[in-house]
Amino acid sequence: MMRRSAGSDVQRMFTRRLFCGCLPAAASFVAAAVTSVSTARAQSGECAVFTAALQKSITPDQAMERLKAGNARFVAGKSANCDMLAQVRGTAEHQYPIAAIVGCIDSRVPPEVVFDQHLGAIFAARVAGNFVNTDILGSLEYAIKVAGVKAIVVLGHSECGAIKGAVDQVKLGNLTSLLANIQPALDAHKVFAGEKTSHNHELVQAVAETNARLAVQAILARSPVLKELADAGQLRIAAAMEDLKTGRVTFLS
Ligand SMILES: [Zn+2]
Numbered sequence: 388m389m390r391r392s393a394g395s396d397v398q399r400m401f402t403r404r405l406f407c408g409c410l411p412a413a414a415s416f417v418a419a420a421v422t423s424v425s426t427a428r429a430q431s432g433e434c435a436v437f438t439a440a441l442q443k444s445i446t447p448d449q450a451m452e453r454l455k456a457g458n459a460r461f462v463a464g465k466s467a468n469c470d471m472l473a474q475v476r477g478t479a480e481h482q483y484p485i486a487a488i489v490g491c492i493d494s495r496v497p498p499e500v501v502f503d504q505h506l507g508a509i510f511a512a513r514v515a516g517n518f519v520n521t522d523i524l525g526s527l528e529y530a531i532k533v534a535g536v537k538a539i540v541v542l543g544h545s546e547c548g549a550i551k552g553a554v555d556q557v558k559l560g561n562l563t564s565l566l567a568n569i570q571p572a573l574d575a576h577k578v579f580a581g582e583k584t585s586h587n588h589e590l591v592q593a594v595a596e597t598n599a600r601l602a603v604q605a606i607l608a609r610s611p612v613l614k615e616l617a618d619a620g621q622l623r624i625a626a627a628m629e630d631l632k633t634g635r636v637t638f639l640s
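Sequential numbering of the sequence shown, starting at 388, is according to our numbering.
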């Protein structure tokens, strides 16, 4: 028996309803049918809502590869463009994410967009300068130990305002104490060619990369919970940088 597509059914019904003068009913039927198709799409391919079984089947390496594949789609202009309302319905009761991102608050680097991930796929902890502190470490421990995440990426980026502020030794309200968290990365580049200001793009980039790497080291040094999982091969942690000019994420480790 020949299978008919949902689209052809919708078109046939819509045409018939138009002739019987039942336009409002036809419109609601079309909306319901489109929702049904969207829901089906939301449950397959890149838009598949993560279930407990799917999360359990994904290894730490595969979780990292999914992030890299998502960024490749984003850079190529081929993001999955999942149906968000279908994603809301699919994740309303549970979440089984596969990765956690420690990222900057910068408006140009939203992790879900950069890695082309749908609702329920990643935890995102964001703070200017993407460093870790006790609260973010606690958030990561929840994401990994409680919610089953398999990979952590510390995502720095080019032309980071927080890094520039640290380089320029900015003093401003609570920002002063926030920028102190970036000082260790700055200290690692005391000997650096060129001027010691944010106009030195090479210096800003070098400090940003070191800052991301130091955050990975801090996660392992300050969280015995996460180090134990990493040592056992149940968790992968990596530092990465996004280039704002291209959207491309380069992994540093
Ligand atoms: Zn930033």
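Ideal Cβ positions, reconstructed from N, Cα and C, are used throughout, including at glycine. Note that the coordinates shown come from a computational prediction; the quantities given were computed from them, not determined experimentally.
Checklist entry - Relative to the alpha-carbon of I492, which residue among S610, I624, L565 has its alpha-carbon at the smallest distance? => result L565
Next on the checklist: What does the alpha-carbon distance come out to for the pair V557 and A487?
Outcome noted: 30 Å
Item to check | Reduced DSSP category for R623 - H, G, I as helix; E, B as strand; rest coil | outcome: strand
Item to check | First through last residue of the alpha helix (DSSP H) which encompasses T637 | outcome: T637 -> not in any alpha helix (DSSP H); beta strand (DSSP E) instead, spanning 636–638.
Item to check | Alpha-carbon to alpha-carbon, T438 and A567 | outcome: 40 Å
Checklist entry - At a cut-off of 7 Å, is D493 close to ligand 1 when judged by its beta-carbon and the heavy atoms of the ligand? => result yes
Checklist entry - In this structure, does DSSP put V533 in helix, strand or coil? => result helix
Item to check | Whole-angstrom distance between V496 and E433, CA atom to CA atom | outcome: 20 Å
Item to check | Inter-residue Cα distance where the pair is V514 and N520 | outcome: 10 Å
Checklist entry - Hey, I509 and F518: beta-carbon distance below 8 Å or not? => result no
Item to check | Close-in-space but distant-in-sequence residues of the same chain around N587 (CB under 8 Å, 5 per side omitted) | outcome: V554, F579, G581
Checklist entry - Over what stretch of residues does the alpha helix (DSSP H) that includes V489 continue unbroken? => result Where V489 is concerned, there is no enclosing alpha helix (DSSP H), although the beta strand (DSSP E) it sits in stretches over 486–490.
Item to check | Which of helix, strand or coil DSSP assigns to I445 | outcome: coil
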